[in-house]
Each structure stands twice: as structure tokens, then as C-alpha cells.
Amino acid sequence: MKKAHRFRAIGTRAALLGVAISLLGGAPVASAGDDGGLAPGLPPPIERTTLTTAALLDTLQHTAFDFFWEQANPSNGLIRDRWPTPSPCSIASVGFGLSAICIGIDHGWITREEGRDRVLTTLDTFWTYPQGPEASGKIGYQGLFYHFLDMNTGERVWNCELSTIDTALLFAGIIDAREYFDGGDPEDVQVRALADSITHRADWDFMRNGGAGIRMGWKPGTGFAGFGEWVGYNEAMILYLLAIGSPTHPVPAATWIIWTSGYSWQTQYGYQYVIFPPLFGHQYSHCWIDFRSIQDSYMQTKGITYFENSRRATLAQREYCIANPGGWTGYGPNVWGITASDTPTGYMARGAPPPQNDEGTITPTAVAGSIPFAPGVTIPTLHHWYDTYRPQIFSVYGFVDAFNLTVNWWDLDYIGIDQGPIVIMIENYRTGKVWERFMGNADVQAGLLGAGFAPATDVPWASEERGKRLVLRQNAPNPIQRSAQIAYHVPTAGPVSLVLYDVAGRRVRTLVDERQSAGEHVAMLRGEGLPSGTYFYRLEANGEREGKQCVIIR
């Protein structure tokens, strides 16, 4: 039954919005303010808006979460591709949904027990349902999974492919859930065991078919025929990183060079960046991987990070819509956002610049999924849509998938892979928790190291973030065997301390204790002389504190 529309007014829930994280008695990493405790860099609420910015973001997250919770089969955890149009399960939608469950628990929308039960049900489905090369009756093959599955049986439908990218997005949610349920009780232990069993079973090297790069898909009967290799730039960064980092069936680290060989560095509307016109390609990998302060060799040559690349792509697309070379109705500073989505004539991959199938359709996930990159332009746009077009585009699960002012078309459907970036990227903007969890996974760190990622220094940060607050990055690598680098940003010159503590809160090593200039810094944490285990390190400067957890393996 369709639910009545409901607002998510949050007023007194500022503590949840701020999510004050402290380690070892430290101060919150994001101080509460007039906007309900949102992260620094949030623009002030626009005058005459219906909702405060805090309430708007909470509404968008909660309604997107509801899609994943309510459009799942509770008996097996499979989540629909779209609604209300009847559809099978999309495995990528399941991946986004698993992260949404973790976010929902933190916000109090469901209990931890409810969320964990759903996660366990989902993981049991992907671990126990049959795999094999047959054309029917199987959920996957070689540890990977078919793109679309029957909502009840979990079997392959629509003659779909064994999908490498959709399996990677599924695995991203599984890994996030693995890191979320980190307790010692039997149910948490079971989540982690199932997550490792599923992700470590995948034979990524099989999907190369003896070639250089990873193939896009495979089908029973015809095999790899018709499926090319994933070559960048697009959404498949996370695919290569998970495949390189696999502890059981990895692809060679050199495949990252195959991936980057397809990059096209261009200047569009005053911004230089690696081009991929649809914005989803600049969002999906970033939902889980924190690229803000790491670089591979390609980005080192360009002097930026992939996070900065996505920021430039976001701003360039907005400038394209302001220029409006196609003359589409409504395009401008607060009507922009082009990506793969529904259109008046069907689902289509679209983007700009340069224009790719642009026909006037605007997609809310293109903007909401870009909030961490450019909050100063994305959040006012979301306010404008909510205040101006709410009767047409806002319903039970938030903004519908798309609308087109040129032909006066308003979608009715919601799509899982578009709802996912909304709930996850708003959470990353508010708290960074998804990034922090995912980046702490050993397989993820192995993939990043194999691809040549290292802490970035002397890199321009997004203008909304640079220089405004103390920022501490996760150590790389993590876990630590010999040594690791810890990157951090000091907003103003002054005394700085970086101290390592054990789980009992005892100081075991001082890494930094000196006066430092404002800007980027890197400290070295050496593991020798320290027993294996979990540790915490805390950065203090100018009255601010931030902390992170790390693991040392001897």
C-alpha cells in the first residue's frame, strides 16, 4: 500500500545530525551549530525555504532509506530494481541497500537488531543460493552474481549477464556491513564470516578471460562474446580496486594501468578533469571509497585527487546547464543534474559536458549524490526543487527519479541505484562514516596499495573544505605490518600533537609534538616494537581533536 507523504522534521534531533564522534574522550569532529550540527562547509539555509537544510537532508536520507527497507523481500533480503513499476531484484540495489541499513541504524530509523537480521538474511541468500554455468536456476557463477534476480527465488531473470560492475557494487555494500557489525557477539561474527565468504569466493581473474582487463560480463552459452573490457573513466574504479585487493582470486595490479589507459583529460567550461559525462560515473565509487587525500600515479601527474576530479565534473555540468546550449526549458543555476535515468522515452545514459543524449531531463540523484563534492551549489538546488516542484516530483521515497520541464514530464518511479547515492553521499557529507568504515577494510586497502595509491600532498582540496577545519585521514595502509603514513590538514599554524593509544587508552607512541604551519602534513607510524592489535590515534591542534582507529598485524 502506498504510504502518505510524511515530512522528516528533526528540530530536536541535532545530536543525531552532528554525530559527534570522539575517540578516547576527544571532542566531536563536527561541532553543532545553527544548522543542526551539520559538517563545516554547509551553506546557510536559503531564505524562504520550506525546510531547513538539516531537515531537508534528513528527509532525503530517510525517504531514500525507506525505499531499500520497504522494497526488499524480508524473507531473502533481495531489493527491487525500481518501484512502483514491477521489477526484479537488482544486485547493485542490494549493495546500496546494505549500506543504507547501516545508516538507518545510526539514525534510529530501525534498531540494530532489525538491521542486523536483515543483513544476515541477505548475506545468507548470496552465500547459499546455487551457483553454476546453467542458464536458469542459478544466482551466479564463479562467485559473481547475475545482474537481475527473481525477487522470490533469487534466480537469474531477463536473460541477463553475470555482471562484474554490479557484483562489485553488491560487494561494496557487503564490505560496509562487515565493517559496521564489528562486535564480538555471535551475530556480528556471523555477519563478518558470511561477508568474507561471499567476497572471497569471487574469481575475478576468470572475468579477464585471459586478457588484460576485466570483462564487463559473461552469459551462459555465449560466454564473454559481446562483452568488452572495462577501461576508464567511468563507475568501475571500485570494481578494479576490489578485484586487485582480493586475497583469494585477484587480478594483477597491472590491470590498473589498463583501466587508466582510457582516460580523457579535457577542459570543459573552465574546469580541467578526466571526462565522463554522466555524473553517476563520478559518484558510485566515491560512495564507499574516500579519495579526498589519496592519489594514484595518474592523478599525481595532474596534481589533483579523484575527489577533486568529481568536484570539477559536478561544477562543469552545472555551468553547462547555465549556458544551456540545447535551449532546454528551465536549465540554469538551480535546474541541472544529468546522468543515467528514466526519460520520457525510457531509461537512458545521459550526461554533460560534452553533451551525451541530453534531451532536457533532470535527475535529482545527479545533484544529491554530488553533495560532498560541491555542497555550495548542490544544496541550494535541492531546496529549489523541493520548494518549487514538490507536488510534481516529491512523494513517498523522496524525489522521483527524473523530470523534464521541456515536455512537462514527471516520472513516477524510484530506482535503487539512484536512491543509493542519495542516502550514502549525504551521510558521507554529514559524518564521513561510510568512508571511514570502508577504508578500514584490509581488502580495500590492499586494492588501493596494489593500484599504487598513496597519501596526497600539495593537492587543492574542494573550496568548501580547504583550510577551514582540522582534518585527519585514515592511515594507509591499514592494517599496518611495517609502517603506514597518516595524512592530516592543520587549518592554522600552532602546536600540533599526534599520539597513538592502545585499546586501554594508554599512550604508546607520540608521532608528532611540535609547532607546525597551516596546511598539509604527513606523519609516519612504524609498527616495530608494537604487538598486533587495535590502536587509536588522536590529532590535536588549536583546540580541535580528531581520532581514527588502526590495526597492527605483526
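Throughout, the numbering used here is defined as the position within the sequence shown, counted from one, plus 615. Ideal placement from N, C-alpha and C gives every residue a C-beta, glycine not left out.
{"Item": "N- and C-terminal bounds of the beta strand (DSSP E) containing L1140", "Value": "1134-1141"}
{"Item": "Neighbour-count burial assignment, R793, 16 or more Cβ in a 10 Å radius", "Value": "buried"}
{"Item": "Start-to-end residues for the alpha helix (DSSP H) that takes in C717", "Value": "706-722"}
{"Item": "Simplified DSSP state of P959, which is helix, strand or coil", "Value": "coil"}
{"Item": "According to DSSP, residues forming a beta bridge with Y1116", "Value": "R1122, F1151"}
{"Item": "CB contact flag (E1161, L1063, <8 angstroms)", "Value": "no"}
{"Item": "Span separating the alpha-carbon of F1112 from that of Y1103", "Value": "The question names Phe, but residue 1112 is Ser in the sequence shown. Answer to the nearest angstrom: the Cα atoms are 11 angstroms apart."}
{"Item": "For H1136, the nearest candidate out of A1071, F760, A827 (CA to CA)", "Value": "A1071"}
{"Item": "Sequence-distant residues of its chain with Cβ nearer than 6 angstroms to Q910 (five each side left out)", "Value": "T920, A1071"}
{"Item": "Where the beta strand (DSSP E) containing H998 begins and where it ends", "Value": "Premise fails: H998 lies in the alpha helix (DSSP H), 990-1008, not in any beta strand (DSSP E)."}
{"Item": "CA nearest to the CA of G1055, picked from F683, Y795, D1117, I780", "Value": "Y795"}
{"Item": "Proximity of G1031 and G692 at Cβ, strictly below 8 angstroms", "Value": "no"}
{"Item": "Endpoints, the alpha helix (DSSP H) within which Q932 is located", "Value": "921-938"}
{"Item": "Short Cβ contact (8 angstroms threshold) for Y884 with E934", "Value": "yes"}
{"Item": "Any 3 or more C-beta pairs closer than 8 angstroms across the stretch 824-835 and the stretch 766-780", "Value": "yes"}
{"Item": "The beta strand (DSSP E) enclosing K1163, as first and last residue numbers", "Value": "1159-1167"}
{"Item": "Cβ-based burial, M914 [other Cβ within 10 Å; buried from 16]", "Value": "buried"}
{"Item": "Distance, Q757 Cα to E844 Cα", "Value": "18 angstroms"}
{"Item": "Of the listed residues A840, D800, T782, nearest to Y855 (C-alpha basis)", "Value": "T782"}
{"Item": "Rounded distance between the beta-carbons of V1049 and C902, thought under 8 angstroms", "Value": "7 angstroms"}
{"Item": "Identified DSSP bridge partners for Y1128", "Value": "Here residue 1128 is Asp; the residue named in the question, Tyr, does not match the sequence. In DSSP, D1128 forms a bridge with S1112."}
{"Item": "G769 versus R731: straight-line alpha-carbon distance, rounded", "Value": "20 angstroms"}
{"Item": "Reduced DSSP secondary structure (H/G/I, E/B, other) of R771", "Value": "strand"}
{"Item": "Simplified DSSP state of K917, which is helix, strand or coil", "Value": "helix"}
{"Item": "Best match in S900, A1133, S879, A1017 for proximity to I890 [C-alpha to C-alpha]", "Value": "S879"}
{"Item": "8 angstroms contact criterion, which G1120 and N1157 should meet: CB distance rounded", "Value": "Actually they do not touch by this definition, with Cβ atoms about 23 angstroms apart."}
{"Item": "Residue from V1123, A931, Q1096, T814 whose Cα sits closest to the Cα of I1168", "Value": "Q1096"}
{"Item": "At least three beta-carbon pairs within less than 8 angstroms, the stretch 992-1009 to the stretch 936-951", "Value": "yes"}
{"Item": "DSSP state of Y1012 mapped onto helix, strand, coil", "Value": "coil"}
{"Item": "CB of V866 within 8 angstroms of CB of D803, strictly", "Value": "no"}
{"Item": "Same chain, Cβ closer than 6 angstroms to L1145, neighbours up to 5 away in sequence not counted", "Value": "I1167"}
{"Item": "beta-carbon G945 near the ligand SAH non-hydrogen atom, thresh 7 angstroms", "Value": "Among the components of this structure there are no ligands whatsoever, and the ligand SAH is therefore not found."}
{"Item": "A964 and P893 closer than 8 angstroms at C-beta", "Value": "yes"}
{"Item": "Alpha-carbon to alpha-carbon, H677 and I625", "Value": "Confidence at I625 is low in this model, with a pLDDT of 28, below 50, so its placement is unreliable and the value that follows should be read with caution. Their backbone Cα atoms lie some 11 angstroms apart in a straight line."}
{"Item": "K753 in three-state terms, based on DSSP", "Value": "coil"}
{"Item": "Every unbroken beta strand (DSSP E) within the stretch 884-919, with a cutoff of 3 residues, ordered by chain", "Value": "886-889"}
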